[in-house]
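S.K.: For the sequence shown, the UniProt record's numbering gives the first residue as 1, with consecutive numbering after it.
Positions of the beta carbon are idealized from the N, C-alpha and C atoms, including for glycine.
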Amino acid sequence: MTRPVTTALAFSCDRHTAPTDFAAAAAAAAQSGVVDELLIWDQMTNFWPRQLWHSEHSPMAAIVPDLDSYSDAFAMSGYLAASVPGMGMTISTDAIRRGPAELTQTMMTLANMTGGRARVMIGAGEAKQVTPYGWKRSEGLARLEDQLKSFNALWDSTEPIDLPGNHWSFEQAWLGKSRTHRPSVWALGGGPKLFDLATSYADGISAIVPCVAPTPESWAQTVTTMKADLDRKGRDPEKFEFGIWFMSLVHEDDKLLDRALDNPLMRWMAGVFGRLDQSAWDAEGIEPPLPRNWHYAVKLLPVKWTESEIEGLLGRTTHQMAEKSFVYGTPESVAAQVQQFVDAGATWVSVCDILPLILDAADAQAGLARNIEICSRLKKAGTA
C-alpha cells in the first residue's frame, strides 16, 4: 500500500520579520488541514550577492533591507512548535556547525514539544555557512558520518557510551534515560558517499528538484538504487523515507512567470543552483555557466563576488536554463508536476517557492495560499 505523502511548508525565517508573523502563517497552515510540517532552514547567509538586492530587481527590497538576516532555525522551530501545537517541525542543517550530542539533545527536545513530529535533515555543509566563520567545508562528509552514528548510539543506549569518531569522539557520554519521542534523522544532499551514509545510518534522504533530479524518471532511478542498497544492508526499504525540496516559482499569471525567469535574482539561482553538478548541463546539450567542476556547496561565497563576476554569470545563464532550473506554473500545474515525483517514490515534499522575493508585498503574501493549495491538491491526489 502506498503511504500518503507528507507535505511541508518551507519557512525562510528572517529577523526583519516579527516572529508573530511567522506564527500567524503557521497557524493558517495548520488550519488548512493539508500541511503536515513546517520546514525551517538553518542558514547563516543566503544565496545571493548583496549587489543584486535592490528595488530595480524587487519591490521587496524597499521593505526588507537584506536577504541574509536569518533567525536561528532551532529557536524559531521551538517558538513555532509552541505557537501551533500539533504541527510537525523539520529543520535542515549541516553536520559541521553543531556537535552531535548537542544536536541530538535539541532534536529530542523538539520531538517532545511536537509529540514526536520532529525531523532533522543533515547535509555535508555549504561553504557560505561555514567557511567565513572558521569551519572547514572539507570536513563535511566525515562530520556527517559522526552525526548519524552518534545519534543512533545516544538514542539506543540509556547508559554512558564510548564512541570513536572522525572529528567527535565520546567517552562515557550519555543524555539520560528519557526516550519519550524519537526524532527522525535524515541525510540531505547527494553523491555516492552521502547516499552510503544515508542507507547505513539515517531514516531518510532528501534532495532538491530539478537541481539534482531533473525528471521523475531520474528520481525513480535514485529511489530504486537506494532501496537496493538498503536491502543489501539488511534494512527495510519501505521504512526509509525519500524527500524532495522543489525549487519553485508559483503564480496564476503565466506572463509574470515568464518575466520572472529573466529577473536577475532568479537567473542567479539558475546559474549557481539550477544544476548542482555543473557538468549535468552537458547531458541536456547546454553549456554550463560555470566550470564543470564547480559546485555551489563547495565554492559559493556570495559576499566575495564582484560586479563583473555577477554580470558575467548572468550573461551566461540563459532563459532556457532558467526554465529548466525551476518547477514553475500555477498551483494546479506545480501540484501536477510534484505528483509525478511522488508517483516516482517521494514520500515527503516541500514546494520552496522563491517567487515572493520579487513580487510586491500584497502578492508576496498570497504565496502562502498558493502553497497551501498545492498541498491540498497533493493530499486529494493521494486519496483518489
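1) Check this for me: beta carbons of G382 and P4, under 7 Å apart or not?
2) Considering only residues of the same chain and omitting the five flanking positions on each side of A127, which have a CB-CB separation below 7 Å?
3) On the DSSP bridge list, what partners appear for L9?
4) My output table needs one value for T17: the three-state DSSP class, helix, strand or coil.
5) Rounded to whole angstroms, how far is the Cβ of T7 from the Cβ of V349, which I believe are closer than 8 Å?
6) Give, in chain order, every unbroken run of the beta strand (DSSP E) that is at least 3 residues long and sits entirely within the stretch 323–375.
7) Could you pull out every residue in the same chain whose Cβ sits closer than 8 Å to the Cβ of D282, ignoring the five residues on either side in sequence?
8) Taking the beta carbon of T317 as the centre, do at least 16 other beta carbons fall within 10 Å, making it buried, or is it exposed?
9) Assign Y328 to buried or exposed, taking buried as 16 or more other Cβ atoms, counted over all protein chains shown, within 10 Å of its Cβ.
10) Are there 16 or more other CB atoms within 10 angstroms of the CB of N166, so buried, or fewer, so exposed?
11) Figure out for me which residue from E159, V342, R182, E323 has the closest Cα to the Cα of Q172.
12) Please confirm if the stretch 175–185 is in contact with the stretch 219–235, defined as three or more CB-CB distances below 8 Å between the two stretches.
13) Do you know how far the Cα of M269 is from the Cα of W48?
14) Exposed or buried, R259, counting other C-beta atoms within 10 Å across all chains shown (16 or more means buried)?
15) Nearest to M107 by alpha carbon, out of L378, V185, T17?
16) With DSSP as the reference, identify every bridge partner of L261, one or two as the case may be.
17) Which term fits A124, buried or exposed, when burial requires 16 or more other beta carbons within 10 angstroms of its beta carbon?
18) Could you round the C-beta distance between residue 385 and V342 to whole angstroms and report it? I think they count as a contact, below 8 Å.
19) DSSP on D72, reduced to helix/strand/coil?
20) Tell me which residues share the same chain as Y133 and place their Cβ nearer than 8 Å to its Cβ, disregarding the 5 neighbours each side in the sequence.
21) Among all the DSSP beta bridges, which residues are the ones paired with T90?
22) According to DSSP, what are the bridge partners of R245?
23) Are the CB atoms of C352 and W245 within a distance shorter than 7 Å?
24) Tell me the rounded alpha-carbon separation between I374 and E102.
25) Between V64, T215, P19, A28, which lies nearest to L357 when the distance is taken from Cα to Cα?
26) What's the gap between the Cα of M1 and the Cα of Q221?
27) Check for me: the alpha helix (DSSP H) holding E307 runs from which residue to which?
28) Run the CB neighbour count on A187, radius 10 Å, all protein chains shown included, and call it buried at 16 or more, exposed below.
29) Please find out if some non-hydrogen atom of the ligand HEM comes closer than 6 Å to the beta-carbon of L313.
30) Classify D146 as buried or exposed, calling it buried when 16 or more other Cβ atoms lie within 10 Å of its own Cβ.
31) Go to A127, then tell me how far its alpha helix (DSSP H) extends in each direction, as first and last residue.
32) Given M121, which residues of its chain have a CB within under 6 Å of its CB, disregarding the five upstream and five downstream residues?
33) From the DSSP secondary-structure annotation, give me the bridge partner or partners of S184.
34) Helix, strand or coil: how does DSSP classify residue 385 here?
35) Does DSSP put V272 in a helix, a strand or coil?
36) Could you pull out every residue in the same chain whose Cβ sits closer than 6 Å to the Cβ of A29, ignoring the five residues on either side in sequence?
M.R.: Inspection of the coordinates gives the following:
1) Residue 382 sits at position 382 when you count from the first residue of the sequence shown. Residue 4 sits at position 4 when you count from the first residue of the sequence shown. Yes, these two residues count as a Cβ contact at 7 Å.
2) On the sequence shown, position 127 is the one that residue 127 refers to. R137, A297, V298, K299, L300, L301, listed in sequence order.
3) As a position in the sequence shown, residue 9 is number 9, starting the count at 1. According to DSSP, L9 bridges with L38.
4) Here residue 17 corresponds to residue number 17 of the sequence shown, with the count starting at 1. Coil, per DSSP.
5) In the sequence shown, residue 7 corresponds to position 7, counting from 1. In the sequence shown, residue 349 corresponds to position 349, counting from 1. About 6 Å; that satisfies the 8 Å criterion.
6) 327–329, 348–353
7) By one-based count along the sequence shown, residue 282 stands at place 282. P288, R292.
8) Here the question's residue 317 lines up with position 317 in the sequence shown. Around the beta carbon of T317, 16 or more other beta carbons lie within 10 angstroms, which makes this residue buried.
9) Within the sequence shown, numbered from 1, the residue matching residue 328 stands at position 328. Taking every protein chain shown into account, the CB of Y328 has 16 or more other CB atoms within 10 angstroms, so this residue is buried.
10) The residue labelled residue 166 in the question sits at position 166 within the sequence shown. Exposed, because fewer than 16 other Cβ atoms sit within 10 Å of the Cβ of N166.
11) Here the question's residue 172 lines up with position 172 in the sequence shown. Residue E159 is the option with its Cα nearest to Q172.
12) No: fewer than three Cβ pairs fall under 8 Å.
13) Here residue 48 refers to the residue found at position 48 when the sequence shown is read from its first residue. Here residue 269 refers to the residue found at position 269 when the sequence shown is read from its first residue. Answer to the nearest angstrom: the Cα atoms are 8 Å apart.
14) Here residue 259 corresponds to residue number 259 of the sequence shown, with the count starting at 1. Note on R259: under 16 other CB atoms within 10 angstroms of its CB, so exposed under the neighbour-count rule.
15) Here residue 107 is taken as the residue at index 107 of the sequence shown, counted from 1. Taking only the C-alpha atoms, the option nearest M107 is V185.
16) Stepping through the sequence shown from its first residue, residue 261 is reached at position 261. L261 is bridged by DSSP to nothing; it lacks a bridge partner.
17) Indexing the sequence shown from 1 puts residue 124 at position 124. With 16 or more other Cβ atoms within 10 Å, it is buried.
18) The structure shown does not extend to residue 385, since the chain is modelled only from 1 through 384, so no value can be given for it.
19) Mapped onto the sequence shown, residue 72 falls at position 72. Three-state DSSP puts D72 in coil, outside helix and strand.
20) On the sequence shown, residue 133 is found 133 positions in, with the first residue counted as 1. So the list reads M44, R97, once near-sequence residues are dropped.
21) For the purposes of this step, residue 90 is taken as residue 90 along the sequence shown, with counting starting at 1. Paired residue(s): L39, R119.
22) Counting from one through the sequence shown, the residue named residue 245 turns up at place 245. Reading the sequence as shown, one finds Trp at residue 245 and not Arg. Answer is I208, S350, bridged to W245.
23) Here residue 245 corresponds to residue number 245 of the sequence shown, with the count starting at 1. Here residue 352 corresponds to residue number 352 of the sequence shown, with the count starting at 1. Against a cut-off of 7 Å, the Cβ pair of C352 and W245 comes out as a contact.
24) Within the sequence shown, the letter at position 374 stands for residue 374. Within the sequence shown, the letter at position 102 stands for residue 102. Approximately 35 Å between the Cα atoms of the pair.
25) Residue 357 sits at position 357 when you count from the first residue of the sequence shown. For L357, the nearest C-alpha among the options comes from V64.
26) Numbered from 1 along the sequence shown, position 1 holds the residue referred to as residue 1. Numbered from 1 along the sequence shown, position 221 holds the residue referred to as residue 221. Note that M1 has pLDDT 43, beneath the 50 cutoff, so the model's placement of it is unreliable and no number is given.
27) As a first step, residue 307 must be located in the sequence shown, where it is residue number 307. Its alpha helix (DSSP H) spans residues 307–316.
28) Taking the sequence shown and counting its residues from 1, one reaches residue 187 at position 187. By the 10 Å Cβ count, A187 comes out buried.
29) Among the components modelled here there is no ligand, and therefore nothing to report on the ligand HEM.
30) Taking the first residue of the sequence shown as position 1, residue 146 is located at position 146. With 16 or more other Cβ atoms within 10 Å, it is buried.
31) The sequence position of residue 127 within the sequence shown is 127, counting from 1. Taken as a continuous stretch (DSSP letters only), the alpha helix (DSSP H) holding A127 covers 127–130.
32) Numbered from 1 along the sequence shown, position 121 holds the residue referred to as residue 121. So the list reads S92, W186, L188, S206, once near-sequence residues are dropped.
33) By 1-based counting over the sequence shown, the position of residue 184 is 184. The partner list for S184 (beta bridge, DSSP) reads R119.
34) Coverage of the chain is limited to positions 1 through 384, which leaves residue 385 absent and any answer about it impossible.
35) To locate residue 272, count along the sequence shown from 1; it is residue 272. Looking at V272 - three-state DSSP - the assignment turns out to be helix.
36) Numbered from 1 along the sequence shown, position 29 holds the residue referred to as residue 29. Only L9, V35 meet the Cβ criterion.
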